[in-house]
Every structure is written in C-alpha cells, then in structure tokens.
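Per my numbering, the very first residue in the sequence shown carries number 5; after that it's consecutive. A virtual CB, placed ideally from N, CA and C, is assigned to each residue, including glycine. Because the structure is a prediction, the values reported are computed rather than measured. Comments concern the structure below.
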Amino acid sequence: MTDALLWSILLLAAGLGLIALELFVPSGGVLGILAALAIIASIAVAFNGGWVTGVVMVVATMLILPVALAAAIHYWPRTPIGRMILLETPQSEEEVLPDTPEHQRLKDLIGRRGVAKTKMLPSGAVVIDGRVYDAIGEGMAVDPGQAVRVTAVRTNRIVVVPDDSPCELLADSADVLAQPARNLGLESLDQPPG
Numbered sequence: 005m006t007d008a009l010l011w012s013i014l015l016l017a018a019g020l021g022l023i024a025l026e027l028f029v030p031s032g033g034v035l036g037i038l039a040a041l042a043i044i045a046s047i048a049v050a051f052n053g054g055w056v057t058g059v060v061m062v063v064a065t066m067l068i069l070p071v072a073l074a075a076a077i078h079y080w081p082r083t084p085i086g087r088m089i090l091l092e093t094p095q096s097e098e099e100v101l102p103d104t105p106e107h108q109r110l111k112d113l114i115g116r117r118g119v120a121k122t123k124m125l126p127s128g129a130v131v132i133d134g135r136v137y138d139a140i141g142e143g144m145a146v147d148p149g150q151a152v153r154v155t156a157v158r159t160n161r162i163v164v165v166p167d168d169s170p171c172e173l174l175a176d177s178a179d180v181l182a183q184p185a186r187n188l189g190l191e192s193l194d195q196p197p198g
C-alpha cells in the first residue's frame, strides 16, 4: 500500500467522522466544512499517488459517503441533541389542546341531546340545556328544530348528528323562539280586547 493511498484512506475516515460528529455536536457548520475539506483532500492525495488510486478513491467515496450519511441520519433522532431538536409528533388532540375549563365543559356535552337552532350545512348553532353552542353537523344537513346528539368535540366546536329518538327538547328550551306559540301563553288574536 502506497503512502498516498494510506493518507487518502485516513483523510476519508476523518471526513466521515467529522460528518458524524457534525450531526451530534452543534458546531454551526464548522465541522461540516472541515469534513468536506478532508474528503476533498482525500481525493486529491489519492490522485497524487496515481490515476488509478485517485479513481478508486472517488468511487469509494461515492459509495461510502451516502451509506455513512444514511446511518448518521438514522441514529441522529435517538441522540440527546437529536431528541432536543426534533419534536415528537403528538399522538392525539388531547396532547396539543389546552385543558381549559371551557374545553372540559364542551367535552362534558358528549352524549347530551339538544336542538338545532340554525340550519347546519355543516356548521351552525345548537341549543343544549338552554345554552347556544357552535356546532358542526357530521354526515348530513340538520334542519332548524331537529333533535341532535353530541358525538365529539373538535377544537372549540362540538360535533352533532341528527337524533331521531323521542324526547321533549323544545319544551325545556329557554329560547322563546324555539317554543311552539301555544306554549307561550298568548291570548287569542281572533277576539279584540275589550
């Protein structure tokens, strides 16, 4: 083995080591620049030893460099610096959304029943226990006055589906406009006052 080939292999190994070190140590790119210079010097020294040695080193670099980079990138997220820089993907909305009293109050509505106040194509307003909430209809349009059931909470809106089971939702509603006229206790308009 010639001295040029030995020095070329050592410089290539140093360059690969510096690339790996760059991924694990925050250096602001200094180690990456030194790695590139070491790899270029490795090829230059190999060509000083002869044309065949230089071509062999170029081919070896082209084969080894991508494999080394792939291995470093594969193991980098498992290192302390990699875990610090890369964020883990949240598994569910509960990990991201704040657990505020308002959000908890909306989550408590799951399974409750109410009445659509507006036409929901797909969003609108519903009345549940006398309170108006923004809601999203899931699947199909919901007509005003139609009974609905809360199935989920997405961010700050509740998700409702039409509910065909019998109930007395309108009679319990505090919204005057949602009640039938006969329940309001109005006097007959057929007879003039007097």
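Asked	Found
Can you look up arginine 161 in the DSSP assignment and give me helix, strand or coil?	strand
Leaving aside the five residues before and after alanine 42 along the sequence, list all residues of the same chain whose C-beta is less than 8 Å from its C-beta, in chain order.	Leu15, Leu16, Ala18, Gly19 and Leu22
On the DSSP bridge list, what partners appear for arginine 82?	For arginine 82, which the question treats as bridged, DSSP gives no partner whatsoever.
With a CB to CB cut of under 6 Å and the five nearest residues on each side skipped, what residues in its chain are close to valine 163?	Ile140, Glu142, Thr155 and Ala156
Please determine, among Thr6, Ala145 and Val119, the residue with the shortest C-alpha to C-alpha distance to asparagine 52.	Thr6
Using the Cα positions of proline 84 and threonine 104, report the straight-line distance between them to the nearest angstrom.	32 Å
Counting along the chain, where does the beta strand (DSSP E) carrying isoleucine 132 start and finish?	127 to 132
Would you call the segment 75 to 89 and the segment 25 to 40 touching, i.e. three or more CB-CB distances under 8 Å?	yes
If you check the beta carbons only, do leucine 125 and alanine 145 fall under 8 Å apart?	yes
Decide if serine 61 is buried, meaning its Cβ has at least 16 other Cβ atoms within 10 Å, or exposed.	Before going further, note that residue 61 is methionine rather than serine in the sequence given. Counting Cβ neighbours within 10 Å, methionine 61 comes out buried, since at least 16 surround it.
Out of Asn160, Arg109 and Ala64, which has the shortest C-alpha to C-alpha gap to leucine 9?	Ala64
Among Val59, Ile132, Ala75 and Arg87, which has the Cα closest to the Cα of arginine 117?	Ile132
If you draw a straight line from the C-alpha of alanine 40 to the C-alpha of arginine 161, how long is it?	53 Å
Go through its chain and collect everything with a Cβ distance to threonine 57's Cβ below 8 Å, but skip five positions before and after it.	Thr6, Ala8, Leu9, Ser12, Ala50 and Phe51
In the DSSP output, which residue or residues are listed as bridge partners for alanine 4?	This structure does not reach residue 4, given that the chain is present from 5 up to 198, and the question cannot be answered.
Considering only the alpha carbon of each residue, which of Ile44, Gly149, Val100 and Arg153 lies closest to isoleucine 114?	Arg153
Quick one: what does DSSP say valine 56 is sitting in, helix, strand or coil?	helix
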